[in-house]
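Chemist:
Chains as they are written, first to last, in UniProt numbering: chain A, 1 to 508; chain B, 1 to 508.
1. Where does residue 450/B fall in DSSP's three states?
2. Can you tell me whether DSSP reads residue 90/A as helix, strand or coil?
3. Counting C-beta neighbours from all protein chains within 10 Å, is the total for residue 21/B 16 or more, i.e. buried, or is it exposed?
4. Indicate whether the contact test is met: 3 or more Cβ pairs, each with one atom in the segment 323–340 of chain B and one in the segment 364–375 of chain B, closer than 8 Å.
5. Determine the contact status of residue 141/A and residue 133/A, defining contact as a CB-CB distance below 8 Å.
6. Which residue marks the beginning of the alpha helix (DSSP H) containing residue 280/A, and which one marks its end?
7. Which chain A residues are close to residue 284/B, counting only those with a beta carbon under 7 Å from its beta carbon?
8. I want to see whether chain A comes within less than 8 Å of residue 275/B, judged by CB atoms only; does it?
9. Please tell me whether residue 87/A and residue 125/A are closer than 8 Å, where the distance is taken between their beta carbons.
10. Let me check one thing: in DSSP terms, what residues is residue 385/B bridge-paired to?
11. Roughly how far, in whole angstroms, is the beta-carbon of residue 275/B from the beta-carbon of residue 420/A, given that I think they are within contact range, below 8 Å?
12. Cβ closer than 8 Å: which chain B residues qualify as neighbours of residue 437/A?
13. Of all the options 202/B, 74/B, 316/B, which has the alpha carbon lying nearest to the alpha carbon of residue 243/B?
14. Which stretch, first to last residue, makes up the beta strand (DSSP E) that contains residue 345/B?
15. Is the beta carbon of residue 161/B sitting closer than 8 Å to the one on residue 174/B?
16. Which value, in whole angstroms, describes the spacing of the CA atoms of residue 551/A and residue 122/B?
17. Could you name the residues of chain A that residue 328/B contacts, counting a contact when the two beta carbons are closer than 7 Å?
18. Runs of 3 residues minimum, wholly inside the segment 301–389 of chain A: which ones carry the beta strand (DSSP E) assignment?
19. Mind the definition here: the segment 49–61 of chain A touches the segment 74–94 of chain A only if three or more C-beta pairs lie below 8 Å; say whether that holds.
20. By Cβ distance below 6 Å, which residues in the same chain neighbour residue 294/A in space, the five residues on each side in sequence not counted?
21. Any C-beta of chain B sitting closer than 8 Å to the C-beta of residue 471/A?
22. By the three-class DSSP mapping on this structure, what secondary structure does residue 271/B have?
23. Which runs of the alpha helix (DSSP H) spanning at least 4 residues fall entirely within the segment 203–269 of chain A, listed in chain order?
24. Do you know whose CA, among 431/A, 386/A, 495/A, 199/A, lies nearest residue 361/A's CA?
25. Since residue 479/B is in the alpha helix (DSSP H), which residue starts that stretch and which ends it?
26. Indicate whether at least one CB of chain B lies closer than 8 Å to the CB of residue 31/A.
27. Name the chain A residues whose beta carbon is nearer than 9 Å to that of residue 173/B?
28. Going along the chain, which residues of the segment 36–59 of chain A sit with their C-beta nearer than 7 Å to a C-beta in chain B?
29. At a Cβ threshold of 8 Å, is residue 423/B touching chain A?
30. Just the C-alpha distance for residue 41/B and residue 414/A, rounded to the nearest angstrom, thanks.
31. Taking Cβ-Cβ distances shorter than 7 Å, what residues in chain B pair up with residue 464/A?
32. Grab the span of the beta strand (DSSP E) containing residue 132/A for me, first residue to last.
33. Are the C-beta of residue 420/B and some C-beta of chain A separated by less than 8 Å?
34. Distance cutoff 8 Å, beta carbons only. Does residue 381/B sit that close to anything in chain A?
35. Does the beta carbon of residue 417/B come closer than 8 Å to any beta carbon on chain A?
36. Note the first and the last residue of the continuous alpha helix (DSSP H) segment covering residue 154/A.
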């Protein structure tokens, strides 16, 4: 019995209590845990899917290539396959895979909130462009507004487990596209200092909005030096063709050094094969086409390899965000991207549920855990989304924040060391008190190794009933109200705010 | 383009529709999928935990060993460690690991419902001994009754994804222990022909209840020839000691050829270390102690290696069934048991939630998926349980049944073959119609590869609102009412029923 805890125990009860009173410095379930423990595909599977993707790129090629991109691709060694399709030879793709950015920062305006994308770290964040918001008072959906976007932004600013914030809803009360893009960007700057993301409807919006970001960054040209916004963009439209507007935005974003999440959003059985393997082969090819494009324009430019396999319910043709197929497909996508060494973006937590109910929980819990265990570097759509991405919900944001902590805790796994195995501590407890309550070994683990939820109910049935038999959604609503009533961050100075308003049509 | 589907397409629209009308023969998400894709522990971790468990068994040993078992163990080569503790030498444990039953059937009275335990197949089933039932009318908990047990039994009889049924609740309105065990056994015989499981309070109850099983099996001695009941038992009480009553039941069950699930139910930080690695080492040692006991009494006797790591909330000392620690611990336990080649039993879906809410879904979804992906052969507690095993719920049974189908679908994974990769089919669709809707390749996958939920809502927000904005629990209640109003199986003949009633105090 040489366990060092034995000597510490001589400090007695008072010393243990003093020890226990020290504030906890460590987060037992911090964002950025390491993934990859779940591998739905074998190495041979990965290779077969990758080989098929390369054949698709070289032999079938990409259609509808805008002229500027066509010329750049041909100059880089792509081949004219006739009938408007361009082939990407295997050697070119593999060369670009070698040179592509593998790890890069997503800057927060607050540098303490910067995260590193790539490698084996896993982060949950948002995506989405919900047109409906789940109203906290009626429990029903209504069109999302600019006020909702401001409220969502400052709400998530207070949530530790949302690592970056993409505008989660569309301000449907702002009909002008330029005003929409500008006011969306403004909401992100005002409401949070985390890394943020937005979309640019057309390339012409990029220059003015970068000016807005420069004001937030402290002066002209400052934003591009340390960009704290990435863009979400789908330059490839399934199946296997480019989208002209988006490609123009890509050129503009590269000009301004704005990192991109190039998202392939194929739908199984509609714009991609219904077979899961075929789907992955095509969507891998499509995301590789984005990677080739970006790296031909600017070698090594930071791009998140966002291969999001989306499922539709083939009975109705409607997009379905829950389900076992979505669970395994996004996990497999993360595995494939990581296998290629690329920074992987996948989607999870896109439940089909409208209510904040058992279906909501099951679909979110399963898809999030699978994506995380498979090592998705950035797990999009994972906070606040409902109704198969048609809805966003305030209560969902705080519920999901706690779910992410559970997932991070699971992902962290089990540290096997002599100290943790604790042979001596086990013998001492069993031959001593006969239990482990209150031992030094237990105290040491209590805050270091366990996540204690604050929204999840762990009371006895009677206590729960006496407290009003609340649901998780009831408790979440209270939490949302508390945060929105108190968390009003001013992440733009009065001077910056005035400067922005002098130039842009900011809608209050 | 040599894809055979090309020629089939010449059959035209009518032929395709005819093909589509053929009844579906295949279940896209059948029970018994293959697990093991998620490995929370490295091989070195497994070995370190196993080595520590062996050291605990040999050096610390087991306490409170009943005399009969003590003598049997000493005869088999165990060592007297003094002070009442018995050591199990490494060589003995390893010899027993070699000879222990690795794969065996859990018989259903209906042979079509028999499942095979062990290897890499995963099945969800029940466990539990809830003392509360979630009342369908009040939405609150009340004491569980014998009528509840009958209703739960016939409800799950209609659910495809509950592979076996352990009595999920305790009939708290039957105070006499003998009557309770008898009437529990009777409910199982009357309500289902799946493999079932129960517990025997004391050894004296085994003989009479086997007589009841013999009547159901068709005559004296018939049950033991093909036992369709396994017993749930905890012969080891954490930390590291035997329980006298349970050990006596073990001897009796072996006498009657009743397979056993020997359950270690240590609690982290109370009856086992709070460190996850130390916990697994001790609980592995304890479950191995059960294995040694069973195999010393009867070499090769069928035993499910049920190492269920349970977590308590160290703030309150109460058992907590959800959470990231439970998720990873039960997955790791499954991995360890499988690594030893033993039939693994773990626990999942033991949510702390009282309501059928988002917490319920997240905790069930995460723990179930992790246990399945890690390859748990029998995943206990996974249907119908709520409130950290204090509650059982009818609605939960049907909700969980659908969750299991999602999990099985995810577990099934992605079949990567030339046909599924579908290079030619992709080229044909893209160069043809420009999409995949309605192609032969899509039709072939539509029912074969996709699970379509019947309870999960996939409608648009407006359709959902127009339909009454129902929650999953609302829909589940309707399903439960439908089943209980129509599914009244008579799994005992009138003659068998009368014969049982002539001998036993059957309470109606």
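Backbone N, C-alpha and C fix where the C-beta goes; we use that ideal spot for every residue, glycine too.
A quick note: this is a predicted structure, and the numbers were derived from the prediction, not measured.
Modeler: The short version:
1. Taking the second chain and counting its residues from 1, the one referred to as residue 450/B is at position 450. In the structure shown, residue 450/B sits in coil (DSSP, three-state: anything other than H, G, I, E or B).
2. On the first chain, residue 90/A is found 90 positions in, with the first residue counted as 1. If DSSP states are grouped into helix, strand and coil, residue 90/A belongs with the helices.
3. In the second chain, residue 21/B corresponds to position 21, counting from 1. With a pLDDT of 49 at residue 21/B, under the threshold of 50, the predicted position of this residue should be treated as unreliable, and no value is reported.
4. Taking 8 Å as the limit for Cβ pairs, the verdict is that the segment 364–375 of chain B does touch the segment 323–340 of chain B.
5. As a first step, residue 141/A is located in the first chain; it is residue number 141 there, counting from the start. As a first step, residue 133/A is located in the first chain; it is residue number 133 there, counting from the start. Taking 8 Å as the Cβ cut-off, residue 141/A and residue 133/A qualify as a contacting pair.
6. Taking the first residue of the first chain as position 1, residue 280/A is located at position 280. Boundaries of the alpha helix (DSSP H) harbouring residue 280/A: 276–297, taken from the DSSP string.
7. Counting from 1 along the second chain, the entry for residue 284/B is found at position 284. Within 7 Å Cβ-Cβ: nothing; residue 284/B doesn't reach chain A, min ~11 Å.
8. Here residue 275/B corresponds to residue number 275 of the second chain, with the count starting at 1. Yes, its Cβ sits closer than 8 Å to a Cβ of chain A.
9. What you label residue 87/A is simply residue 87 of the first chain in a count that begins at 1. What you label residue 125/A is simply residue 125 of the first chain in a count that begins at 1. No. Outside cutoff.
10. Your numbering for residue 385/B matches position 385 in the second chain. The partner list for residue 385/B (beta bridge, DSSP) reads 392/B.
11. As a position in the second chain, residue 275/B is number 275, starting the count at 1. As a position in the first chain, residue 420/A is number 420, starting the count at 1. By a beta-carbon distance limit of 8 Å, residue 275/B contacts residue 420/A. Their separation comes to about 4 Å.
12. Here residue 437/A corresponds to residue number 437 of the first chain, with the count starting at 1. Chain B residues near residue 437/A: 269, 270, 317.
13. Taking the first residue of the second chain as position 1, residue 243/B is located at position 243. Closest option to residue 243/B, Cα to Cα, is 202/B.
14. Here residue 345/B corresponds to residue number 345 of the second chain, with the count starting at 1. The continuous beta strand (DSSP E) containing residue 345/B extends over residues 344–347.
15. The residue you call residue 161/B lines up with position 161 of the second chain. The residue you call residue 174/B lines up with position 174 of the second chain. Their beta carbons are not under 8 Å apart, which means residue 161/B does not touch residue 174/B by this criterion.
16. With chain A covering only 1 through 508, there is no way to say anything about residue 551/A.
17. As a first step, residue 328/B is located in the second chain; it is residue number 328 there, counting from the start. Against chain A, a Cβ distance below 7 Å from residue 328/B picks out 410, 413, 414.
18. Listed in chain order, they are 303–307, 310–313, 318–320, 344–347, 378–380.
19. Judged by Cβ distances under 8 Å, the segment 49–61 of chain A makes contact with the segment 74–94 of chain A, as three or more pairs qualify.
20. On the first chain, residue 294/A is found 294 positions in, with the first residue counted as 1. Cβ neighbours of residue 294/A within its own chain (closer than 6 Å, five residues either side excluded): 301, 303.
21. Taking the first chain and counting its residues from 1, one reaches residue 471/A at position 471. Output row for residue 471/A: interface = yes.
22. Position 271 of the second chain, counting from 1, holds the residue named residue 271/B. In the structure shown, residue 271/B sits in coil (DSSP, three-state: anything other than H, G, I, E or B).
23. Runs found: 206–217, 222–225, 244–255.
24. On the first chain, residue 361/A is found 361 positions in, with the first residue counted as 1. Considering only alpha carbons, the answer is 386/A.
25. Indexing the second chain from 1 puts residue 479/B at position 479. Bounds of the alpha helix (DSSP H) holding residue 479/B are 472–486.
26. Here residue 31/A refers to the residue found at position 31 when the first chain is read from its first residue. No, residue 31/A lies away from the interface with chain B (no Cβ there is under 8 Å from its Cβ).
27. Here residue 173/B is taken as the residue at index 173 of the second chain, counted from 1. Those do not exist, as residue 173/B stays about 17 Å from chain A at its closest Cβ, beyond 9 Å.
28. Answer in chain order: 37, 38, 39, 40, 41, 45, 48, 49, 52, 55, 56.
29. Position 423 of the second chain, counted from the first residue, corresponds to residue 423/B. For residue 423/B, the nearest beta carbon of chain A is closer than 8 Å to its own beta carbon.
30. In the second chain, residue 41/B corresponds to position 41, counting from 1. In the first chain, residue 414/A corresponds to position 414, counting from 1. Between residue 41/B and residue 414/A, the C-alpha separation is close to 7 Å.
31. Here residue 464/A refers to the residue found at position 464 of the first chain. What residue 464/A touches in chain B: 354.
32. Within the first chain, residue 132/A is the residue found at index 132, counting from 1. Taken as a continuous stretch (DSSP letters only), the beta strand (DSSP E) holding residue 132/A covers 132–134.
33. Here residue 420/B corresponds to residue number 420 of the second chain, with the count starting at 1. Chain A contact via Cβ: present.
34. As a first step, residue 381/B must be located in the second chain, where it is residue number 381. Chain A, which has no Cβ nearer than 8 Å to the Cβ of residue 381/B, makes this no.
35. The count along the second chain starts at 1 and reaches residue 417/B at position 417. At least one chain A Cβ lies under 8 Å of residue 417/B.
36. The count along the first chain starts at 1 and reaches residue 154/A at position 154. Residues 146–157.
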